[in-house]
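Step one of this worksheet: look at the structure below.
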Amino acid sequence: MIGNGTIRMIPTNQPVVRVPAAWLTKLNWREGDRVLVRAGQNVITCRVKKTSHSTLSLSKKVIETLRIPSVSVSWKATKKTIHIGPFTAVYTNYSGDPKNPFPNLNDLLSDMTEIANQLAIPFYVIPVGGFNPETKTTIAWVYDSVDGEWLIEEYPWPDFCIKKYVFLPAQLRAVEKRESQWIRMTRCKMLYSSLGSKWDVHQVLNHDPVIRFCLPKTRLVQSANDVKDMLRTYSRVYVKPIKGTRGKKVYRFSREKNRQRVKVEFDKENQTHSKWLLLQRKSTWFGNKFLKNQQFLVQQGIHLITDRRGNPADFRWLLQKDGYGEWQITARVARVGKKGGVVTNVSSGADVINASDFLEDTEFSTTTVWRLMEQIDSLAYRVVQIIELNLGETGELGLDFGVDDSGKVWLIEVNSNPGRKMLRVLDTEVRALSLRRPLEYAKYTVGF
């Protein structure tokens, strides 16, 4: 029995659930039978009674014990359990300002709240540090769409969790690690899986014969010699952290004929900066940049195609699971960088247009454009299948592709927690779909 609506409250302190008469027949229940009522990760045993209404009613005690909000929710009844939810939470860090608690995510969260209300999904935000392991409750920030403000309430631990942060302050990292362990020990489903580092992902994909052909040559940076060796084969290479940084700390190394030094370029504050460097095994500058605090990869540079004005672009394919658990391509985006720029990230000033529009503005024929679109689609589906087969189930991936002057497609990077910023400036309907699909997937994977 599946339905949704606002749960009616029975003014009694006894653990009682009132259900429509049809439920008694369908589930072979009798008045007075005991069933489990579950909300998020919390459960209480209730006595069944019949109601003349078509919706679900719970006693005040049950609503307060399970922390069920007075919003539209979904429910599913089986032989022994009535599951209310799916309680769906975004897990992120709190700014400290109650009027603007999540400044980098406010638009995304308020829009997701509106969609969740349409889908009868109780939706809230849990700040890092907001889990109470004793009561299995959380601090819940809930967006009030009518008044346009954030409210603090108490909700149960979620059925479905979406981690959404790029950087955590040092004092929160241990807290996040502990709470993530608690989440994994429950029945809570996750939108994102930890795929490991870019190097881990590269090694997995490199074992697939089709994908291997599309991967730029990549190796770990253990000394300046790793970059020197790559530059003997390729005229340019990119050095970037093995953990995602949304285009930050990405460096381009280029060799020029008859020169011992190499040119190093990087983008900062939407400007491209450069310096010349003599690459030696014990180079102080290189060691301080790439060998001290975090690991880096060196990757073959791809000479990206440009539009007719000479601006290069790479491509982001956003893949998401839908309400049936099937992979769908939600967005196909070209990120158009500045001529001579190092990266094409939106945060670094890239323009965003539809992938097909950019390709049609190159020297490629119409036939070639559509062949490339189909080829990238096919490769994208293969990548997500290989990722899940080897690194675990996930609900969303962002794949970065490049196309070189010859028309060859390259898989540059896999992003396990892709952003939405580019979709805000591209297509409001596609952005809305990108927010709706994780919520539909939440209902599917939790069992509603």
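For what it's worth, UniProt numbering labels the leading residue of the sequence shown as 1, then goes sequentially. Think of the CB as a built atom: it goes at the ideal place given N, C-alpha and C, for glycine as much as any other residue.
How many angstroms separate the CA atom of L109 from the CA atom of I353? If you draw a straight line from the Cα of L109 to the Cα of I353, it is about 24 Å long.
Classification of R184 by the beta-carbon crowding that lies within 10 angstroms, buried from 16 upward: With fewer than 16 other beta carbons inside 10 angstroms of its own, R184 counts as exposed.
Kindly indicate which residue of T6, F213 and D159 has the alpha-carbon position closest to the one of S72. T6
Nearest-angstrom Cα separation, counted from W157 out to W199: Taking the straight line joining both Cα atoms gives about 33 Å.
My output table needs one value for H202: the three-state DSSP class, helix, strand or coil. helix
Quick one: using the 10 Å Cβ neighbour count with 16 as the cut-off for buried, is Y91 buried or exposed? Its Cβ being crowded by 16 or more others within 10 Å, Y91 is buried.
Suppose you measure from the CA of Y238 to the CA of A224; what does that come to, to the nearest Å? 13 Å
Excluding sequence positions up to five away, which residues of its chain have a Cβ less than 7 Å from the Cβ of K26? M1
So the alpha helix (DSSP H) L27 belongs to, where does it begin and stop? A21 to L27
In the DSSP assignment, find the alpha helix (DSSP H) that holds M230 and state where it starts and stops. A224 to T233
Closest to V125 by CA distance: which of Y155, I115, T135 and P133 is it? Y155
Within this structure, are the beta carbons of F131 and P86 separated by less than 8 Å? Their beta carbons are not under 8 Å apart, which means F131 does not touch P86 by this criterion.
Taking all protein chains shown into account, do 16 or more other C-beta atoms lie within 10 angstroms of the C-beta of G96, making it buried, or fewer, making it exposed? exposed
With three or more C-beta pairs closer than 8 Å as the rule, is the segment 413–421 touching the segment 212–231? no
Does the distance from the CB of Y441 to the CB of K321 come in under 8 Å? yes
For K177, which residues of its own chain have a beta-carbon under 6 Å away from its beta-carbon, when the five flanking residues on both sides are left out? Nothing meets the Cβ criterion.
Considering Cα atoms alone, identify which of R424, L105, L411 and Q41 is closest to I84. Checking every option, the nearest Cα to that of I84 belongs to Q41.
Residue range of the alpha helix (DSSP H) that includes N106: N106 to Q118
Note the first and the last residue of the continuous beta strand (DSSP E) segment covering Q271. Q271 to L277
Does the beta-carbon of W317 have 16 or more other beta-carbons within 10 angstroms, so that it is buried, or is it exposed? Residue burial annotation: W317 is buried, with at least 16 other C-beta atoms found within 10 angstroms of its C-beta.
Taking C-beta to C-beta, are P209 and Q294 nearer than 8 Å? Cβ distance not < 8 Å, so P209 and Q294 don't count as in contact.
Entirely within the segment 120–173 and at least 4 residues each: give me those alpha helix (DSSP H) ranges in chain order. none
Looking at V414 and L195, is the spacing between their C-beta atoms short of 8 Å? yes
Residues near P312 in its chain [Cβ-Cβ closer than 8 Å; skip 5 each side]: Correct list, in chain order: L304, I305, T306, V336, G337, K339, G341 and T344.
Helix, strand or coil at F102 according to DSSP, with G and I counted as helix: coil
Pull up the distance between the alpha-carbon of H202 and that of K443, whole angstroms please. 32 Å
With 16 other Cβ atoms within 10 Å as the buried cut-off, status of Y234: Buried, since its Cβ has 16 or more Cβ neighbours within 10 Å.
Neighbourhood of L433 by C-beta distance below 7 Å, restricted to the same chain and skipping five residues each side: T330, listed in sequence order.
Nearest to I376 by alpha carbon, out of G398, E393 and D361? G398
Inter-residue Cα distance where the pair is K248 and N93: 21 Å
Using C-beta distances below 8 Å, list every residue in its chain close to L391, excluding the 5 sequence neighbours before and after it, in chain order. Spatial neighbours of L391 in its own chain (CB-CB distance under 8 Å, excluding positions within 5 residues in sequence) are listed in chain order as S193, L195, G196, D200, V201 and V204.
Can you name, in chain order, every residue of its own chain whose Cβ lies under 7 Å from the Cβ of T11, other than the five neighbours on each side? Here residue 11 turns out to be Pro, not Thr, going by the sequence shown. Hits under 7 Å: K60.
Terminal residues of the continuous alpha helix (DSSP H) containing I387? Element bounds for I387: T366 to L391.
Going by CA-CA distance only, name the one from I115, V262, A116 and W141 that's closest to P98. W141
DSSP-derived helix/strand/coil call for T65: T65: helix per DSSP, three-state reduction.
If you check the beta carbons only, do M230 and Q300 fall under 8 Å apart? yes
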